[in-house]
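Asks: Numbering (this note's numbering), first residue to last: 1 to 627. Every residue, glycine too, gets a C-beta built ideally from N, C-alpha and C.
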Amino acid sequence: IVAGLAGLALSGCVPRLVRPTPPVSAAGARAAVAQGRYLEGGQAYQHLARHATGTRRARFLLKAAEALVHAGAIRPAQRELARVTPPLPGPLMAHRDILKAEIHAALRKPRAALREAEAAHRFRRLKPRLLAEIDRVGAQAALSLHRPLIAARDLIEREGLLVSPRRLTANEHALWRSLAGVSTRKLRDLARRYPGTPTAAWARLALAARRYPPHSQRLHAALARWRHRYPKDIPTQAFLTFLLGAKQRLGQAPRAVALLLPLSRSPFAKAARAVEKGFLAMARQDPMPGKPRLFVYDTGAHAKTAVRDYRAAVDRGAQLIVGPLGAAAVDQVVAHVHFRVPTLLLGRTHAPIVHNSEHVPVYQFSLARTEEARQVADRAYLDGHMRAAILYPKSGWGRRMQRAFARRWRHLGGLVTARGSYKPGSTDYVRPVENLLNISQSRARDERLQRILGTPLAFTARRRQDVGFLFLVADAPDARLIKPLLDYDHADNLPVYSTSSVFTGRRDPVYDRDLDGITFGDMPWMLVGNGRTGRLRSALAHAHHYEFRPLGRLYAFGADAEGLAGRLDRLRLGGRYDGLTGALSVRRDGVVRRQLVFAQFRAGLARLVNAPPHTHGLFRPPKPARP
1 IVAGLAGLAL
11 SGCVPRLVRP
21 TPPVSAAGAR
31 AAVAQGRYLE
41 GGQAYQHLAR
51 HATGTRRARF
61 LLKAAEALVH
71 AGAIRPAQRE
81 LARVTPPLPG
91 PLMAHRDILK
101 AEIHAALRKP
111 RAALREAEAA
121 HRFRRLKPRL
131 LAEIDRVGAQ
141 AALSLHRPLI
151 AARDLIEREG
161 LLVSPRRLTA
171 NEHALWRSLA
181 GVSTRKLRDL
191 ARRYPGTPTA
201 AWARLALAAR
211 RYPPHSQRLH
221 AALARWRHRY
231 PKDIPTQAFL
241 TFLLGAKQRL
251 GQAPRAVALL
261 LPLSRSPFAK
271 AARAVEKGFL
281 AMARQDPMPG
291 KPRLFVYDTG
301 AHAKTAVRDY
311 RAAVDRGAQL
321 IVGPLGAAAV
331 DQVVAHVHFR
341 VPTLLLGRTH
351 APIVHNSEHV
361 PVYQFSLART
371 EEARQVADRA
381 YLDGHMRAAI
391 LYPKSGWGRR
401 MQRAFARRWR
411 HLGGLVTARG
421 SYKPGSTDYV
431 RPVENLLNIS
441 QSRARDERLQ
451 RILGTPLAFT
461 ARRRQDVGFL
471 FLVADAPDAR
481 LIKPLLDYDH
491 ADNLPVYSTS
501 SVFTGRRDPV
511 YDRDLDGITF
521 GDMPWMLVGN
531 GRTGRLRSAL
541 AHAHHYEFRP
551 LGRLYAFGAD
561 AEGLAGRLDR
571 LRLGGRYDGL
581 TGALSVRRDG
591 VVRRQLVFAQ
601 FRAGLARLVN
611 APPHTHGLFR
621 PPKPARP
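#1: Locate the alpha helix (DSSP H) running through G60, then write down its first and last residues.
#2: Reducing DSSP to helix, strand and coil, say where A606 ends up.
#3: Return the CA-CA distance between Q319 and G604, expressed in angstroms with no decimal places.
#4: Suppose the cutoff is 8 Å on Cβ atoms and the five residues either side in sequence are ignored; what does the same chain contact list for R480 look like?
#5: Can you have a look at I493 and say buried or exposed, based on whether 16 or more other CB atoms are within 10 angstroms of its CB?
#6: Taking only runs of the alpha helix (DSSP H) that begin and end inside the stretch 190-266, which ones reach a length of at least 4 residues, in chain order?
#7: Which runs of the beta strand (DSSP E) fall wholly inside the stretch 476-531 and span at least 3 residues, in chain order?
#8: Report the residue ranges of all alpha helix (DSSP H) runs contained in full by the stretch 536-608; include only those spanning at least 4 residues, in chain order.
#9: Classify I390 as helix, strand or coil using the three-state DSSP reduction.
#10: Suppose contacts are defined by Cβ-Cβ distances below 8 Å. Is A389 in contact with A418 by that definition?
#11: If you run the structure through DSSP and keep just helix, strand and coil, what is L320?
#12: Pull up the distance between the alpha-carbon of R16 and that of V467, whole angstroms please.
#13: Consult DSSP for A458 and reduce its assignment to one of helix, strand or coil.
#14: With DSSP as the reference, identify every bridge partner of L472, one or two as the case may be.
#15: Please classify T343 as buried or exposed, where buried requires at least 16 neighbouring CB atoms within 10 angstroms.
#16: Helix, strand or coil: how does DSSP classify F295 here?
#17: Report yes or no: do the stretch 129-143 and the stretch 107-117 share at least 3 C-beta pairs separated by less than 8 Å?
#18: According to DSSP, Q364 sits in a beta bridge with which residue or residues?
#19: Can you name, in chain order, every residue of its own chain whose Cβ lies under 8 Å from the Cβ of P267, other than the five neighbours on each side?
#20: For the structure I just gave you, are there three or more beta carbon pairs, one from the stretch 121-135 and one from the stretch 87-106, closer than 8 Å?
#21: Which residue wins for smallest C-alpha separation from W397, given the options Y381, H385, A406, T370?
#22: Indicate whether the contact test is met: 3 or more Cβ pairs, each with one atom in the stretch 305-324 and one in the stretch 587-599, closer than 8 Å.
#23: How would you call F471, buried or exposed, if buried means at least 16 neighbouring beta carbons within 10 angstroms?
#24: For D569, count the other beta carbons within 10 Å of its own beta carbon; 16 or more makes it buried, fewer makes it exposed. Which is it?
#25: Measure how close the beta-carbons of V349 and V360 come, nearest whole angstrom, since I'm counting them as under 8 Å.
#26: Look at L636 and V496 and say whether their C-beta atoms are less than 8 Å apart.
#27: Along the beta strand (DSSP E) that carries Y422, what are the first and last residues, could you check?
#28: Spatial neighbours of V362 within its chain, please: C-beta separation below 6 Å, excluding the five flanking residues on both sides.
#29: Among the residues of its own chain, which have a CB less than 7 Å from the CB of W226, if the five just before and after it don't count?
#30: Using the DSSP secondary-structure output, state which residues sit across from L325 in a beta bridge.
#31: Which residues share a DSSP beta bridge with F123?
#32: Taking the C-alpha atoms as reference points, what is the distance between H220 and L190?
#33: Rounded to a whole number of angstroms, what is the C-alpha to C-alpha distance between A31 and Y381?
#34: If you drop the 5 nearest sequence neighbours on each side, which residues of the same chain put their C-beta closer than 7 Å to that of P22?
#35: Can you have a look at Y194 and say buried or exposed, based on whether 16 or more other CB atoms are within 10 angstroms of its CB?
#36: Taking its Cβ as the centre, do 16 or more other Cβ atoms sit within 10 Å of P432, making it buried, or is it exposed?
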């Protein structure tokens with residue numbers, strides 16, 4: 001009788017779940033990739049590869065690896081690529097070499113990337129799209145190795161393979177930046193050595209732009225003569241418009257940069273000072289001669305002031321604007337400014353950006369926490385989880401974070417099987433945790449059985465079993481109280497993921513031991529102790545003032561804003577910048593994407609997980625004592 005009653009009481013506790021399936025058609029996979037849902041597309045191609053053989057299987061594996069590379073999932077992409085074994089047709093082998101090159105580039109091995117790109121050229125009868133990809137990857141690697149002539153060669157070849165006007169214009173801008181690094185003597189030598197070729201045409205175009213000042217009749221006349229001499233090599237109209245209307249001498253980096261920050265009379269003044277110090281510190285590290293002049297504008301407490309200062313900076317001759325900082329100021333500038341010079345906004349906006357007739361590029365760079373939530377979803381998916389629970393604070397920030405995570409998780413095909421909320425800063429986390437895990441229902445069933453039977457029963461609470469992991473939205477003080485409750489309520493084996501908010505950045509093993517087992521994403525500046533990040537940690541001015549402090553992330557943000565300023569055209573081509581806030585790339589809409597690194601608390605210390613080779617965290621475990 002007891003067993004029967006217990007069975008009736010427990011029935012329905014764990015719902016029957018059907019594992020969601022990805023779009024299993026090739027058309028569905030292509031659509032997912034085209035819409036930027038790279039992990040979902042990669043999963044679909046993996047599914048198709050499992051049910052295919054021979055060449056068809058290899059093609060699906062390559063497409064899966066390509067989608068994972070676009071998603072920033074380098075290690076899983078390597079695993080998929082290792083399953084592609086020769087012999088294969090030439091186009092598939094070339095595709096394999098391209099992906100190897102992209103993976104080497106992501107792992108900061110540009111020499112190996114350039115070798116793989118050059119190896120892909122050995123195959124014949126490749127489609128134009130594939131050849132264009134080979135040239136793109138080769139140009140990226142060459143630029144990383146400071147070989148602008150090789151990059152220009154690859155981009156000139158790529159020019160003749162592209163059809164899309166948008167891609168053509170982006171390629172032309174990248175080519176123009178590459179030619180800026182080639183000396184005048186070498187440009188003249190190229191024009192003489194390869195007469196009648198696209199190489200000579202672009203070399204002579206760069207020479208004309210260097211010889212005559214912008215907005216001059218002489219430049220207009222020189223371009224007219226060039227167009228008559230090379231009628232087949234005329235760039236897109238958008239690029240010619242840029243060429244004739246550029247404010248700086250063409251082919252050169254900007255001579256003046258304006259930085260717009262709320263440095264005084266603003267609640268964000270301390271944050272803005274940290275951004276400014278990071279920007280200036282990185283500018284001093286730039287080894288290139290002819291550094292641009294920097295104008296710093298204090299936009300103050302009112303967001304509308306940013307509009308006035310933006311216009312003043314352009315009138316003063318700034319050829320690149322960095323700022324303003326913050327969502328309100330960014331929205332004001334976007335709403336009231338007609339962009340005339342390239343701009344790197346230090347914030348995100350959802351309003352449409354109005355360009356003038358010159359199609360000036362506008363970029364958006366931010367430390368949006370909602371983007372961290374989406375990357376945590378990607379990470380959990382790559383770790384093999386499918387069923388999520390979410391615990392978040394009852395606040396505007398908490399609701400935004402859980403919505404961003406849940407939306408991304410559903411796009412990946414996962415299920416959210418439980419949600420719960422708590423009051424931040426309180427001491428009563430027991431009930432929210434128990435309700436989330438169904439511990440309260442388990443105790444209620446025990447009490448109900450005891451009343452029915454009229455006798456005490458041996459009882460052990462049982463948490464719900466339809467949850468594969470927990471996404472915890474919390475800051476460090478709240479997380480230190482919530483994680484031990486999870487362990488107490490029989491969820492010590494439940495994987496827990498979170499964002500950078502759970503990490504103070506300080507070495508605090510006594511207090512952070514309560515966070516053991518939590519995996520979280522953060523920027524390299526907070527987690528990585530060697531490589532380029534380690535060198536800059538020692539070299540940048542004021543860096544020691546912003547180590548292990550709340551404003552450290554904003555200092556790194558400012559340093560990366562300066563690092564991006566001279567690389568935006570290159571990144572539009574599809575490259576990456578190894579920044580302090582993450583691996584940075586530029587999306588088609590101009591938004592700068594940050595790829596986080598992940599760590600897990602063990603013995604109270606944040607230790608990197610799945611880090612690139614030769615990378616260690618700031619807090620390494622001590623070496624074992626010699627026997």
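Replies: A quick look at the data gives this:
#1: Reading off the sequence, residue 60 comes out as Phe, not Gly. 54-70 is the span of the alpha helix (DSSP H), which, as asked, contains F60.
#2: strand
#3: 48 Å
#4: Within the same chain, R480 has close Cβ partners Y511, D512, D514, L515.
#5: The amino acid occupying residue 493 in the given sequence is Asn; Ile does not appear at that position. The C-beta of N493 has fewer than 16 other C-beta atoms within 10 Å across all chains shown, which makes the residue exposed.
#6: 198-211, 217-229, 237-245
#7: 496-498, 518-522
#8: The qualifying runs are 552-565, 568-572.
#9: strand
#10: It is a contact, given that the beta carbons lie within the stated cut-off.
#11: strand
#12: Any reading at R16 is ruled out, since the residue's pLDDT is 37, under 50, leaving its predicted position unreliable.
#13: In this prediction, A458 scores a pLDDT of 49, lower than 50, which makes its location untrustworthy; no coordinate-derived value is stated.
#14: L391
#15: buried
#16: In the structure shown, F295 sits in a strand (DSSP, three-state: E or B).
#17: By the Cβ rule, the stretch 129-143 counts as touching the stretch 107-117, because three or more pairs are nearer than 8 Å.
#18: Q364 is bridged by DSSP to L345, V591.
#19: A301
#20: Yes, the stretch 121-135 is in contact with the stretch 87-106.
#21: Across the set Y381, H385, A406, T370, the C-alpha of T370 shows the shortest separation from the C-alpha of W397.
#22: no
#23: buried
#24: buried
#25: Reading off the sequence, residue 349 comes out as Thr, not Val. That belief does not hold up - the Cβ atoms of T349 and V360 are roughly 16 Å apart, past 8 Å.
#26: Residue 636 falls outside the range modelled here, since the chain spans only 1 to 627, and no answer is possible.
#27: 415-422
#28: F339, T343, I353, G590
#29: R204, L205, A208
#30: Per the DSSP secondary-structure output, L325 pairs in a beta bridge with L346.
#31: DSSP lists no partner for F123.
#32: 23 Å
#33: If you draw a straight line from the Cα of A31 to the Cα of Y381, it comes to about 20 Å.
#34: With a pLDDT of 47 at P22, under the threshold of 50, the modelled position of that residue is not reliable, and the figure given next carries that caveat. Counting only Cβ-Cβ distances below 7 Å, and skipping sequence neighbours, we find E40, Q43, A44, H47, G413.
#35: exposed
#36: buried
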